[in-house]
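Protein chains: 2
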Amino acid sequence: MRKELDSIFKPRSIAVIGASTTRGKIGREMIHNILLAEFQGKVFPVNPGSPVVHSIKAYSTALDVPDAVDLAIIIVAKEHVCEAARLCGEKGVKGLVVISAGFSEVGKEGKKRELELLAVCHEYGMRMIGPNCFGIVNTSPDVRLNATFGKINPRAGRVGFITQSGAMGEAIMNHANELGIGFSLIASIGNKADISSNDILDYMRDDPNTDIILMYLENFGNPQNFTLIARKISRSKPIIAVKSGRTKLGAMAASSHTGALAGLDVGVDALFEQGGVLRVDTVEELFDVAAALSKQPIPKGKRVAVVTNAGGPGILATDALISNGLEMPPLSPATIKKLKKSISAEASFSNPMDMVAGAGGREFKLTLDAIKDDPRYDAIIPIFVPPVTIDQMDVARNIQKSLEGTDKTVLACFMGAGEKPEAIEYLKEHNIPVYIFPEAIAKTLALLAEHREWLNKPSGKYKTFKIDKADKAEAEAVIENAYAKGDLSIVGEEAIRILQAYGIPAAGYEYASNAKEAVAAADKIGYPVVMKINSPPILHKTEAGGVMVDLRNADEVREAGNELERRVGKLKKGEKFTVGLQKMVAGGIETVMGVTIDPSFGPLVMFGLGGIFVEVMKDVSFRINPITDTEAKEMIRSIKSYPVLSGFRGTKPVNEKIIQDTLLKLSQLVRDFDCFSEIDINPFIASADASACKAVDARFILQKR
Amino acid sequence: MRKELDSIFKPRSIAVIGASTTRGKIGREMIHNILLAEFQGKVFPVNPGSPVVHSIKAYSTALDVPDAVDLAIIIVAKEHVCEAARLCGEKGVKGLVVISAGFSEVGKEGKKRELELLAVCHEYGMRMIGPNCFGIVNTSPDVRLNATFGKINPRAGRVGFITQSGAMGEAIMNHANELGIGFSLIASIGNKADISSNDILDYMRDDPNTDIILMYLENFGNPQNFTLIARKISRSKPIIAVKSGRTKLGAMAASSHTGALAGLDVGVDALFEQGGVLRVDTVEELFDVAAALSKQPIPKGKRVAVVTNAGGPGILATDALISNGLEMPPLSPATIKKLKKSISAEASFSNPMDMVAGAGGREFKLTLDAIKDDPRYDAIIPIFVPPVTIDQMDVARNIQKSLEGTDKTVLACFMGAGEKPEAIEYLKEHNIPVYIFPEAIAKTLALLAEHREWLNKPSGKYKTFKIDKADKAEAEAVIENAYAKGDLSIVGEEAIRILQAYGIPAAGYEYASNAKEAVAAADKIGYPVVMKINSPPILHKTEAGGVMVDLRNADEVREAGNELERRVGKLKKGEKFTVGLQKMVAGGIETVMGVTIDPSFGPLVMFGLGGIFVEVMKDVSFRINPITDTEAKEMIRSIKSYPVLSGFRGTKPVNEKIIQDTLLKLSQLVRDFDCFSEIDINPFIASADASACKAVDARFILQKR
């Protein structure tokens, strides 16, 4: 794969098919850009209509090119693309970049054309980027390839960039140029008919010129694969991604745009979390984070010092930092003592350290010198609001002089310095990113600190519980029985049996068909008990008044039995009235666990608190299956209502290990049987007392066979 | 007041005291700015050291100035400010702007100096802005005053700006200049020793040159007053504010910075909500919103049409719009039919309407023409990502031509158009604001749509319930009794009595001192009952195991009574064991209501759901007292868990009217008695059944006398 992609990203010779006439300006711009970037190989325009393009001799077909060709860029009208590709194949071309649009993104006919094109590639062993893409870039000095048709010749730098949208790709390249951010490799992947974003991620992992990777994504071809690749790369090269199509309507637009199924947002969040990808919401944030990562280390922790010459911005920065979850420890007494010797007494000597408006280069140097060696900080934010009396350039030089070589993360803020950009330019050149507003710094730092936590945490293990052959057979029997009956929903005792087969603690059932039998069953179980209508089947039992809880003695059970029978009313022919009785699990906390099968992400494992928390507050966590033990733990701890589980108002914390194992067992269950479309354990009672932790009710929905 | 402020904002003659030597460059810059802006009156430098400043004759003291002086700007060292002010008073100066720092912001001594300065102002009937401020601006053609010492001569425009931080003021002015936003009036209010932000707000309300008002605030002098003023102004002129010091740490920095108590964030949010102020988090957003409001109408509703020439940005916009609560109705069949005649068949004909990359001016014009008359939209967002093949200027002209005169709100997005700003400039000049990223548009539109809702909603009434004299006396007796006992906490039956006096439904108590009495009491109340230890007093009864719920018969009551007595253990001398019994209110939803007294905002009324919701999820709403009936209703509806009250899973919605009235009665209670420092009703049972709605427990904490 590596070698195949080399022929695309490091070609020695290129043919541009459709170099001038067919697609109007695009072909000419492409040649122009290739020349402008000083491509280190040879370029051959191919165009039957014009013998010369941009002063270069052009050929009628790829076959006429006198030299060997590594890469062909195809820009001809959609109807001629397959033919052009075939000629490239005959010529022995190794890689294609197909710019032309009019393929799977425009419907059925296009999809057919795309498959045909792919078949040509397979036939001749060519690899392809596109179709419907914006081109590729490699700024490596021995390549210098800009095979895009934009107005921008991207600067060289250490950022790799993968984009699924050509338009967004161009917009992002323009914006990067304005910000002075340089690229190593750029790939606009278009419809991803052959080469996917995963392939290019993998290629960038080994690229010595790439330190960080930016992605603009609209959907995922193979999310499981993405997680695996990202998980590996993220350990050494941070990946920052904007995934659009987040909201439901947004996703609809994505789907009509790309002809692909858009991802559920919870799936995407889980994917990025599990893969260690830094997810940003906007293109602006993408660059804020890229600017920091391309020049500064990832902070060791969350502790930030703010040094400012003005109160207002210091407060804004503090607000933004704290509300983004960062910490601002006060200055140490030793630092304060040191600073009081040389800084105006009107300064505040706290964090933010407000040196007041008179402060210039000298004060910044003194203060930053004192703070940069203090181990209580992981990051430093110098803020400067230029008063007319202070020399900005002097401030910039002193900030740089002081902080050069520090291992702390430094992000500077120069507010309202628009008219004198030299100071800002100076800092940027010396690897200190400068932001206009402190809020952008806070968001960026928060994301980096989170990534540090991700890097620090154990990578987790995929656990496999030993399940007895007999137990597995038991679960299988329940499933097969349901299929045999033509009933795709497994509930009640049958569902409990599957859980028990996989060692998930569950409250068993006793059945009764009248009040008298119910009392006998309750006596056997022990009071208090819960009684539910078992047949006739009712879907939402609680809402329908089909559940009686906390029955404390025989009298109450008898009364409840009669009442339920009354509520059921007349039975249809062949139906029988029965109730199920369970031991009432008291004093625990209701949780919900489950699995749902997402069309693009496969099984997602879910956890949350029960009742209102899951249904109104939507306070749940998702992970893509399979999950590691660490991930199961995180699922529990990442819900907002976690304090309810960890000991709230003096109650004992619940036994998390049992919840964790139950999630892992669910994960294993869907790996062992790939027939489920949904699993719900609701409620699973969590308690400090291990023996009281139990699934009370569960439901399995089977896929159609 | 108006006339007094006129002498400051519309002076005919100014003296600049300390025009050159004392504060170094500041005085010279001030004179320079006054001249540069072409002040329409006379300016007199006052400086004992130099006879000429900036080629203008200077005078030794204010008294030496030959003409009458309306406004004096004082820039001398802090020690000389009072003396300079006194001479101004002698001279008959009407207003002061005191730039000099070193007053209440630097501690006790400074505070003393500030009071002294204020006394001088009072003595001579002068009004003052500052001290410790950045100056003032009035761009009105008959005034043209720029009495600031920044590097910027602000453009004239229709935006009023009030800033509490000089540094932020300068930064914001710089940024505004870059964005082409012009100002009518600017006031840097510094320490607000005399003239407050409320005074200036009031002044801007009547200023014919001001259409919208921006504020940068760090604290509030008189929040109640602010709400009243803002509520009036917001109906005609939108107010947009950044309030810093949001988070706890941020507030600490604000407090050390300004020497004032920083506001609790919930108070600020309530204040802005009740005053109809558009609250933004960052300076960037301040300008995003200002740009929209200064050029476009507030949208009539939330329904947005997006018209784009590229899929990616369309998806980003959709994501951002939907997640900010806006709506995107699909195109009408009639519009689609119309568009299909003239737009490429590859376009998507949905919302976002993606005209695909070939679209230029013609397509924008056709599409926008079809959409602008469609009553299903309140706002239109044209998005353009410049492909190399399209003439940007042509696109801009066609967007403008189509949308000129529409009553819908138009905000345009030009992504990555950095190199050719002419098109953007063209649109801005024609009153269409242009943003680089769609997310900024979404946030801005959401805020404007929210403001429209605020404008549309009934302004609400302050309700006063008729309370019987005897009832009021009863409440007073309980309070006085507590003071007499020296007990600042009123709980149990006493607390219930206050509620009942104000017509708040509450569950009464019966008392018993042993199990036998308890059974008699329970028989009287009717089962099921709740039993709580009444004495000895225990603060957190539930945690201490001092509450038994759902006792269903005499046996259970007897057993519970004995158990509680056992739990209390040995009594101290003089103590007696008693329990209180209440009717158990079943089937309702626990809510919490209360009042807390904030040091800067006064009483805040609170509402939320009980238990975990208030303690873990912090899902509560606050309003500043007094509250209107509309506000009480909003308090209930604005919590996240509101669906639990409005009918969740088929349950009936609770009786909101009773909750609303209870909040209004609490509001009245704290107006009638200003002795409370805290009131808590926890729980108040809300139910569909009005007779079941009841306060079960309450606590009043009295202020020390």
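Just so you know, the sequences run in chain order P and E.
Heads up: the first sequence begins at 14 in the numbering used here, then just goes up one per residue.
Heads up: the second sequence begins at 14 in the numbering used here, then just goes up one per residue.
Glycine residues also receive a C-beta, built at the ideal position from the N, C-alpha and C atoms.
- By the rule that beta-carbons nearer than 8 Å mark a contact, THR295 (chain P) touches chain E.
- By a beta-carbon distance limit of 8 Å, VAL605 (chain E) contacts GLY621 (chain E). Their separation comes to about 5 Å.
- Taking a beta-carbon distance threshold of 8 Å, THR604 (chain E) does not count as an interface residue toward chain P.
- By the neighbour-count criterion, in which 16 or more other beta carbons inside 10 Å mark a residue as buried, ASP481 (chain P) falls on the exposed side.
- For VAL281 (chain E), none of the residues of chain P pass the 8 Å Cβ criterion, the least Cβ distance being about 11 Å.
- Within chain E, the residues whose beta carbon sits less than 7 Å from that of MET181 (chain P) are GLY325 and PRO326, listed in sequence order.
- GLY102 (chain E) places its beta carbon 8 Å or farther from that of PRO144 (chain E).
- The closest CA to that of ALA333 (chain E), considering only E:PHE450, E:ALA703 and E:SER415, is found on E:PHE450.
- The stretch 662 to 676 of chain E and the stretch 695 to 714 of chain E touch, with three or more beta-carbon pairs separated by less than 8 Å.
- By the C-beta criterion, the stretch 279 to 286 of chain P is judged not to be in contact with the stretch 318 to 327 of chain P, since fewer than 3 inter-stretch pairs fall below 8 Å.
- Contact annotation for PHE116 (chain P) against chain E: no contact, minimum CB-CB distance about 11 Å [criterion: below 8 Å].
- Taking a Cβ-Cβ cut-off of 7 Å, LEU230 (chain E) has no neighbours in chain P, whose nearest Cβ is about 10 Å from it.
- Within the stretch 443 to 459 of chain P, the residues whose Cβ lies closer than 9 Å to any Cβ of chain E are, in chain order, ILE449, PHE450, PRO451, GLU452 and ALA453.
- Residue pairing of TYR524 (chain E) in beta bridges, as defined by DSSP: E:GLY593.
- Check the Cα spacing between PRO236 (chain E) and each of E:LEU658, E:SER651, E:LYS653 and E:PRO612: the tightest is with E:PRO612.
- As for any alpha helix (DSSP H) of minimum length 4 sitting wholly inside the stretch 114 to 201 of chain P, the runs are 121 to 137 and 179 to 192, ordered along the chain.
- Membership of ARG410 (chain E) in the alpha helix (DSSP H) is indicated by the continuous run 405 to 416.
- The C-beta of ILE625 (chain E) comes closer than 8 Å to at least one C-beta of chain P.
- Per DSSP, the unbroken alpha helix (DSSP H) holding ARG580 (chain P) starts and ends at 567 to 581.
- A direct Cα-Cα distance of roughly 35 Å separates VAL89 (chain E) from VAL447 (chain P).
- With a threshold of 16 other beta carbon atoms within 10 Å, ARG718 (chain P) falls short and is exposed.
- The C-alpha of GLU298 (chain P) is placed about 30 Å away from the C-alpha of ASP207 (chain P).
- Closer than 9 Å at the C-beta level to chain P, one finds these residues of the stretch 627 to 641 of chain E: GLU628, VAL629, MET630 and ASP632.
- With fewer than 16 other beta carbons inside 10 angstroms of its own, GLY582 (chain E) counts as exposed.
- For THR380 (chain E), no chain P residue has a C-beta closer than 7 Å to its own C-beta; the minimum C-beta separation is roughly 16 Å.
- The beta carbon of ALA184 (chain P) sits closer than 8 Å to some beta carbon of chain E.
- Between ILE39 (chain E) and chain P, the shortest Cβ-Cβ separation is below 8 Å.
- By the Cβ rule, the stretch 72 to 87 of chain P counts as touching the stretch 24 to 31 of chain P, because three or more pairs are nearer than 8 Å.
- Beta bridge pairing from DSSP links THR422 (chain E) with E:ALA392.
- Between ILE253 (chain P) and ARG171 (chain P), the C-beta spacing is not below 8 Å.
- At a cut-off of 8 Å between beta carbons, SER654 (chain E) contacts chain P.
- No Cβ of chain E is located within less than 8 Å of the beta carbon of VAL598 (chain P).
- Proximity of THR348 (chain E) to chain P, defined by a Cβ-Cβ separation below 8 Å, is not satisfied.
- At least one beta carbon of chain P lies nearer than 8 Å to the beta carbon of SER178 (chain E).
- As for any beta strand (DSSP E) of minimum length 3 sitting wholly inside the stretch 300 to 359 of chain E, the runs are 317 to 321, ordered along the chain.
- Around the C-beta of ARG15 (chain P), fewer than 16 other C-beta atoms lie within 10 Å, and the residue is accordingly described as exposed.
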